[in-house]
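See structure below.
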Amino acid sequence: MAGKFEIYQDSAGNHRFRLKAANGAVVVTGDPEESPEKCLKSIESLRKLAPYAQVQEVPEVQAMS
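Residue numbers for the sequence shown follow numbering that gives the first Met the number 0, beginning at 0 and rising by one.
Structure below.
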């Protein structure tokens, strides 16, 4: 089974998405959005950009910001 995107409403009432791996582990959680439609736009962007994303190792200080 492939991974899947889930759109949900958080405890603050915002809409978010998460990408789950085939084993159920959460791989990515999206920022809070005003509507499910905005989540869908973020998911589409992720799908388009991910194949071209570079992998870079950064110092721990940069990783937190």
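Glycine included, every Cβ here is placed at the ideal spot set by N, Cα and C.
Residue i to residue j span [Cα, whole Å]
i: E56; j: A11; result: 33 Å
i: C38; j: Q8; result: 11 Å
i: I41; j: A21; result: Note on residue identity: the sequence assigns Ser, not Ile, to residue 41. One C-alpha to the other measures close to 21 Å.
i: A52; j: G23; result: 23 Å
7 Å CB neighbourhood of residue i in its chain, flanking five on each side removed
i: L18; result: G2, F4, V26, V27
i: I6; result: H14, F16, P35, C38
Where residue i falls: helix, strand or coil (DSSP)
i: E36; result: helix
i: V25; result: strand
i: A52; result: coil
i: V57; result: coil
Counterpart residues of residue i in DSSP-defined beta bridges
i: Y7; result: R15
Chain-order list of residues whose beta-carbon lies under 8 Å from that of residue i (same chain, five-residue window excluded)
i: P31; result: D9, A11, N13, H14, R15
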